[in-house]
Structures are given as structure tokens and as C-alpha cells.
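So for the sequence shown, our numbering puts the first residue at 1201; every next one is plus one.
Beta carbons: idealized from backbone N, C-alpha and C, even for Gly.
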Amino acid sequence: MGHHYIVETCIECGACAGTCPVKAVSVEGDHHHIDEQQCIDCGTCEQVCPVGAIKVRGARR
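Set out below in C-alpha cells:
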């Protein structure tokens, strides 16, 4: 499985959470979390981020 990193450039838009097909991304206030157990490594969260704040390393895409 891949490893996800949310970096400081996050603008808290919620695009990642709104497009995750398995709802592995959650947003609580200004904190985003990617549930590595639930994530299917599709890369959608990384692709939709308008500021490139999510980086996926080692994904099976």
C-alpha cells in the first residue's frame, strides 16, 4: 500500500475528502486524515488537490 503525506500547503478545501471513492479521507476542522487501512491507493486525492498538498508514495496505480 502507498504512503500518503499531507503537507503544509493544504488550504483545507475538502476536495480530497469529497472525491475519495472509499471515504478514506476525513476532515475534522483544519486536520485531514487518510485512513491507510481503508485507502485503495487510487490516487484520486492527490489528483484533485488544487495545491498539490497530498503526495502518494508507493501507490499501486
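State yes or no: is the C-beta of residue i within less than 7 Å of the C-beta of residue j?
i     : j     : result
Q1247 : A1224 : no
E1212 : D1230 : yes
V1227 : G1214 : yes
T1253 : C1210 : Residue identity check: residue 1253 is Ala in the sequence provided, not Thr. A contact, by the Cβ cut-off of 7 Å.
Would DSSP call residue i helix, strand or coil?
i     : result
V1227 : strand
Going by DSSP, what residue range makes up the beta strand (DSSP E) through residue i?
i     : result
C1256 : For the sequence presented, residue 1256 should be read as Val rather than Cys. Per DSSP, V1256 belongs to the beta strand (DSSP E) from I1254 to R1257.
Determine the extent of the alpha helix (DSSP H) in which residue i is found, giving its start and end residues.
i     : result
E1236 : No alpha helix (DSSP H) contains E1236, which DSSP labels as neither H nor E.
V1248 : T1244 to V1248
G1214 : Element bounds for G1214: n/a, residue is neither H nor E.
Kindly give me the distance between the Cβ atoms of residue i and residue j, rounded to whole angstroms, as I take these residues to be in contact under 8 Å.
i     : j     : result
V1251 : I1240 : About 23 Å; that fails the 8 Å criterion.
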